[in-house]
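Visitor: Each number in the working numbering corresponds to the 1-based position in the sequence shown with 595 added. Each residue gets a CB set at the ideal place from its N, CA and C atoms; glycine is no exception. This is the structure I want to talk about, given as structure tokens.
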Amino acid sequence: MARRGNSDLLLPGSRRGTWLECVPNFSEGRARGTIRKLEAAGGPLLLDTHSDASHHRTVLTLAGDAMQVRRAALRLFEIALRDIDLRRHRGEHPRTGALDVLPIVPLEGASMDDAVRLARSLGKEIGASGAAPVFLYGRSGPNRRPLPEIRRGGLPGLSGRLSRGEIAPDFGPTRLHPSAGAVSVGAREPLIAFNQNLDTDDAASARRIARRVRASSGGLPALRAIGVRARDPDGGRPLAQVSMNLLDWRTTALPEVFDRVLSEARTEGTEVLFSEIVGLLPRAAAWPGMEEDLRLRKPARTIEAAYAAAASGTPP
Numbered sequence: 596m597a598r599r600g601n602s603d604l605l606l607p608g609s610r611r612g613t614w615l616e617c618v619p620n621f622s623e624g625r626a627r628g629t630i631r632k633l634e635a636a637g638g639p640l641l642l643d644t645h646s647d648a649s650h651h652r653t654v655l656t657l658a659g660d661a662m663q664v665r666r667a668a669l670r671l672f673e674i675a676l677r678d679i680d681l682r683r684h685r686g687e688h689p690r691t692g693a694l695d696v697l698p699i700v701p702l703e704g705a706s707m708d709d710a711v712r713l714a715r716s717l718g719k720e721i722g723a724s725g726a727a728p729v730f731l732y733g734r735s736g737p738n739r740r741p742l743p744e745i746r747r748g749g750l751p752g753l754s755g756r757l758s759r760g761e762i763a764p765d766f767g768p769t770r771l772h773p774s775a776g777a778v779s780v781g782a783r784e785p786l787i788a789f790n791q792n793l794d795t796d797d798a799a800s801a802r803r804i805a806r807r808v809r810a811s812s813g814g815l816p817a818l819r820a821i822g823v824r825a826r827d828p829d830g831g832r833p834l835a836q837v838s839m840n841l842l843d844w845r846t847t848a849l850p851e852v853f854d855r856v857l858s859e860a861r862t863e864g865t866e867v868l869f870s871e872i873v874g875l876l877p878r879a880a881a882w883p884g885m886e887e888d889l890r891l892r893k894p895a896r897t898i899e900a901a902y903a904a905a906a907s908g909t910p911p
């Protein structure tokens, strides 16, 4: 993403020189043609792609100024609406939309207010299309509504709560799109998505570990975790996985999470085979030797390094 100067257009209240990260999550991790379309829509803003067939999910990382990100996000929504059908979707990751989650994160020169402003603008425009209901979450949503509150019960649960008037979208229709569901749009600080894969295919064991380590069950602060079935991408072997989001890596750091899950895995009579970081992580959360310490199969990439490489036109 060579820096050619900011767009001549700005969102109301935005400042020049504000750069934002956008991390759209799509309920598609298998159809290479659709994933390539999504990557192409990201264009020069695209920093990273992570696709997982077991989760049936793709996470893109984009960065640019507010108007660049806004245009790319709207293109991505159109592709998801057209090409992803949740009626045929079978995957391990919880979901309520084809474009399931659309978070905006402040980067260089940007404030959380900039991220909130862009998230609300995107939510309003997607809702105005009349295609799918939009729910704001995190810093941009009413009372900082957490994402799990929207996702509770999956698509059937959200549909039922909508029909009973227990929840209302912030923008758009009050019924789910038949194939694309709903879109959750939010503003947040950087988080780290981290998976630990176990030397067992017992998903119940992974679920027990997740329950013991996550914050909502009295585990580690600022940690969300679920246990799911997965497959080793290098050999296809069935695995159980503890899939986590570190909402505040300063409060609960990666080594603490790794060690706690490893300890719990051994209590269950198994081991951590390998770990993976989904997408990018902040440079301050990384350290020399982290690949060995966390049993990562692939080198960790930081937001800052990917952003600097893209800004200079250097391949990642």
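Please report the distance separating the alpha-carbon of Y732 from that of M885.
Guide: Cα-Cα distance, rounded: 32 Å.
Visitor: Exposed or buried, which one is L606 when buried takes at least 16 other CB atoms within 10 Å?
Guide: Low confidence applies to L606: its pLDDT is 44, below 50, so where it sits in the model is not reliable enough to give any reading.
Visitor: Report yes if the C-beta distance between Q791 and V873 is below 8 Å; otherwise report no.
Guide: No, these two residues do not count as a Cβ contact at 8 Å.
Visitor: Find out if the Cβ-Cβ distance for the pair A895, A881 is shorter than 8 Å.
Guide: Result yes, Cβ atoms of A895 and A881 sit closer than 8 Å.
Visitor: Residue ranges of each beta strand (DSSP E) run of no fewer than 3 residues wholly in the region 705-743, ordered along the chain?
Guide: The qualifying runs are 729-733.
Visitor: Looking at C-alpha atoms only, which residue of R756, T644, P741 and M839 is the closest neighbour of R627?
Guide: Comparing Cα positions, the closest option is T644.
Visitor: Does DSSP put L771 in a helix, in a strand, or in coil?
Guide: L771: coil per DSSP, three-state reduction.
Visitor: What is the DSSP secondary structure of A903, reduced to helix, strand or coil?
Guide: Three-state DSSP puts A903 in a helix.
Visitor: Distance, Cα to Cα, A904 vs E851?
Guide: Looking at the two C-alpha atoms, the distance is approximately 30 Å.
Visitor: Using the Cα positions of I898 and V711, report the straight-line distance between them to the nearest angstrom.
Guide: Approximately 20 Å, taken between the alpha carbons.
Visitor: Can you find a CB in chain B that lies within less than 8 Å of the CB of R819?
Guide: Looking for chain B here will not work: only one protein chain is present.
Visitor: Going by DSSP in three states, E623 sits in which element: helix, strand or coil?
Guide: Here E623 sits in coil by DSSP.
Visitor: What residue range is occupied by the uninterrupted alpha helix (DSSP H) comprising V823?
Guide: Premise fails: V823 lies in the beta strand (DSSP E), L818 to R826, not in any alpha helix (DSSP H).
Visitor: Please return the same chain residues whose Cβ sits closer than 8 Å to the Cβ of R826, not counting the five positions on each side in sequence.
Guide: Closer than 8 Å at Cβ, skipping near neighbours: A648, S649, R832, P833 and L834.
Visitor: Alpha carbon to alpha carbon, what distance is there between L876 and R807?
Guide: Spanning the two alpha carbons is a distance of roughly 24 Å.
Visitor: Give the list of continuous alpha helix (DSSP H) stretches no shorter than 4 residues that lie fully inside the region 842-890.
Guide: If we require 4 residues or more, the alpha helix (DSSP H) runs fully inside the region 842-890 come out as 849-862 and 885-888.
Visitor: Does the count of Cβ pairs from the region 688-698 and the region 612-631 closer than 8 Å reach three?
Guide: Yes: at least three Cβ pairs fall under 8 Å.
Visitor: For A693, tell me which candidate among G749, A658 and S716 has the shortest Cα-Cα distance.
Guide: Among G749, A658 and S716, the Cα nearest to that of A693 belongs to G749.
Visitor: My understanding is that V729 touches V780, with C-beta atoms under 8 Å, so please give their C-beta distance in whole angstroms.
Guide: Right, the Cβ-Cβ distance comes to about 6 Å (below 8 Å), so this counts as a contact.
Visitor: Per the contact definition of three or more C-beta pairs closer than 8 Å, is the region 768-776 in contact with the region 673-681?
Guide: Result yes; three or more Cβ-Cβ pairs closer than 8 Å.
Visitor: One question on the structure: do L702 and I787 come within less than 8 Å of each other, judged by their Cβ atoms?
Guide: The answer is no: Cβ separation not under 8 Å.
Visitor: What do you get for R539, buried or exposed, if any count of 16 or more other CB atoms within 10 angstroms of its CB means buried?
Guide: Residue 539 is absent from the model: the chain starts at 596 and stops at 911.
Visitor: Give the C-beta separation of S870 and R890 to the nearest angstrom, bearing in mind that I take them to be a contact with Cβ-Cβ under 8 Å.
Guide: Correct: roughly 5 Å between the Cβ atoms.
Visitor: Pull the bridge partners of F789 from the DSSP assignment, please.
Guide: Answer is M839 and I872, bridged to F789.
Visitor: Rounded to whole angstroms, what's the CA-CA distance from P768 to P883? Just pull it up for me.
Guide: If I take the Cα positions, the gap works out to 49 Å.
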